[in-house]
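Numbering (our numbering), first residue to last: 2 to 664.
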């Protein structure tokens, strides 16, 4: 019995004795397990699945489950490497004192078992306690009523147990392989491995600058929003590669360049920090690069999702400017009059009052605009000359505006958004002389944010018909209006319009006696559209904040372990310097200089990454119908300031750990 209890007792004692390293690791495991459970709980929750826009929301939450799961695997392996590095000397001593590798494996097994047991027990309890709070937050963000009751998701519990048992099993196997392949002498010297001065790798340094420059260049020159979707991942990979090489190879080259300047290097203020960073830069740089990348991810996700959510109302107004919208494709005969009368009668019967809107027949087409000439082109391609045109006949323009002045044959009235046009315009074999510049763009439908330019052209009826005949897609009648009353009354009005349009339907396949027909008809409601957009953007915001917290936690833990590890590595070196005459105030000043540079360098690089990525991120936000660039600038700046304050607080706390360890 005593022999059996030897390993678990020794493992428990090791965890207590190394609590300075183990406690942050276990707390992080608990928090990560709780977060994964919460994401699974929300994804599988019946109340969430019953919300409006549930399809997009559950997709976003499911993506969050995958991201948190993959992050848990990678990050826990990464933090385990810090633990093993500090404990290699202890394990080597066990081996020297006669304990075989099989016995050490038994100790490591029970240490992993205890860590996994604490992680799952505390993580699931914490996850269940916070799951209702997270559901409340999610429902608040998407403007949905909160379902009552407390629920424990067995599927979420099962997935969490399987994932973290698998992670701890893989960590244990990795540690066992590492111990088996190492000899006792190597283990005893493990804490000092990596302190050999690295060589200057000019090729890698140059590659790092090229990769970083390439990523920045792509972010700056990309114009098309859909092109930005594909190139964004290329730019991200180049920036990540460039960041790692910049911190490992390029930083070494810079430090050695500073060391080769005697007047700059041989001062107490600069000698200690430069030599200290250079001495173990390979190990130090990887941690700095990880902190920089995680900080950039936090800034991008939080600022982007906050901006997307705050701009939801503006996006809804651009996409759906009226309460009720009726789209009718290719109306002929008296179909337009019949549908209009049916809608008005239905609303009047329900006591609902219509306000002024838009009643317009138009043709829309996309093309490539260069020097006032339209040619066929993929509107979602990469060229910045792509344009979306709304073509209106002179009679429609007169009916919409009440104007008695209309363009003659060969003339055009033009409204151009972000496009420079001369005095002529050509499209599909028809040439026009621009005789008037309009001041507004008619509210016809969702203006496609993916298109670079938007134009409205008013031409004569004859030219309108001739251009229409060249298209496979027929003209569209757009009938939109607002309703007076409460949200409930507007919903009743929408239902009445849907019923009226359905009862008045005519189609090409019906009897020839029908007075009018059309290809199809669609009725949309602004409230339904707003609900779906709030669900989508609220889900993005929830995921962005949630993952931001996850990555911020990872950043803090990496900083803590880095400061602690560096403190142990520097302790002996500073003790020697003090013995040869360096005073304690000088040592403290040199330490502060080194810590400040190393600590805030990743934050500075993260801000630079965000600055170069700003334009590309705004293009990505256009895909989600957000056009307010100034709002994103404010959100980015605010997020950076808040993150810098948190980062500074972490510095103040972890720097004390470093100073205490060095002393």
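Every residue gets a Cβ at the ideal spot worked out from N, C-alpha and C, and that includes glycine. Since we're looking at a predicted model, the values are computed, not measured.
Buried/exposed call for residue i, threshold 16 Cβ in 10 Å
i	result
residue 166	exposed
residue 500	exposed
residue 536	buried
residue 244	buried
residue 18	exposed
residue 228	buried
residue 564	buried
residue 510	With a pLDDT of 45 at residue 510, under the threshold of 50, the modelled position of this residue cannot be trusted, and the question is left open.
residue 261	exposed
residue 342	exposed
residue 538	buried
residue 349	exposed
residue 393	buried
residue 153	exposed
residue 477	buried
residue 248	buried
residue 317	buried
residue 461	buried
residue 566	buried
residue 122	exposed
residue 403	exposed
Top-ranked residue by Cα proximity to residue i, from the options
i	options	result
residue 340	103, 650, 521 and 629	521
residue 634	306, 91 and 368	306
residue 410	344, 290, 84 and 396	396
residue 239	218, 255, 250 and 348	218
residue 136	40, 531, 31 and 288	40
residue 360	641, 75 and 398	398
residue 549	288, 92 and 72	72
residue 488	531, 170 and 471	531
residue 527	431, 315 and 468	315
residue 13	107, 102 and 326	107
residue 388	405, 400 and 366	366
residue 604	142, 298 and 90	298
residue 155	128, 177, 169 and 141	128
residue 296	659, 653 and 642	642
residue 46	139, 215 and 338	139
Sequence-distant residues of the same chain with beta carbon closer than 6 Å to residue i, five excluded per side
i	result
residue 485	354
residue 206	250, 251 and 254
residue 424	435
residue 606	293
residue 508	Unreliable placement is indicated for residue 508, whose pLDDT of 47 sits below 50; the coordinate value is still reported in the next sentence. Excluding sequence neighbours, residue 508 sits near 518.
residue 562	83
residue 466	none
residue 553	299
residue 65	40 and 544
residue 329	478, 519 and 522
7 Å Cβ shell around residue i - same chain, five flanking residues per side excluded
i	result
residue 437	414
residue 558	25, 29 and 80
residue 291	559
residue 616	220 and 221
residue 513	Residue confidence is low: residue 513 scores 38 on pLDDT, short of 50, so the model does not pin down where it sits. Its coordinate-derived value is still stated next. Here the set comprises nothing.
residue 459	393, 395, 398, 408, 413 and 414
residue 491	324, 484 and 528
residue 661	none
residue 303	545, 546, 549 and 640
Nearest-angstrom Cβ-Cβ length linking residue i and residue j, presumed shorter than 8 Å
i	j	result
residue 541	residue 309	6 Å
residue 31	residue 124	5 Å
residue 534	residue 651	In fact, because the Cβ distance is near 36 Å, the residues do not count as touching under 8 Å.
residue 34	residue 131	Actually they do not touch by this definition, with Cβ atoms about 12 Å apart.
residue 180	residue 105	6 Å
residue 322	residue 621	Not confirmed; about 24 Å, so no contact.
residue 364	residue 468	7 Å
residue 325	residue 493	No, residue 325 and residue 493 are not in contact; Cβ-Cβ is about 11 Å, not under 8 Å.
residue 164	residue 101	Rounded, the Cβ-Cβ distance is 32 Å, inconsistent with contact.
residue 416	residue 457	4 Å
Heavy atom of the ligand SAM within 7 Å of residue i beta-carbon
i	result
residue 640	Among the components modelled here there is no ligand, and therefore nothing to report on the ligand SAM.
Spatial neighbours of residue i in its chain, beta-carbon cut-off 8 Å, leaving aside the 5 residues before and after
i	result
residue 175	78 and 81
residue 502	327, 340, 343, 344, 522 and 524
residue 311	632 and 636
residue 21	565
residue 1	A question about residue 1 goes unanswered here, because the residues of the chain that appear run from 2 up to 664.
Jot down the residue ranges of each uninterrupted alpha helix (DSSP H) in the region 22-76, minimum 4 residues, whole runs only, in chain order. DSSP runs (the alpha helix (DSSP H)) wholly in the region 22-76: 47-50.
Alpha helix (DSSP H) runs wholly inside the region 300-381, at least 4 long, in chain order: If we require 4 residues or more, the alpha helix (DSSP H) runs fully inside the region 300-381 come out as 313-320 and 336-350.
Inside the region 85-142 only - alpha helix (DSSP H) runs reaching at least 4 residues: Runs of alpha helix (DSSP H) with 4 or more residues, each lying fully within the region 85-142, are found at 102-142, listed in chain order.
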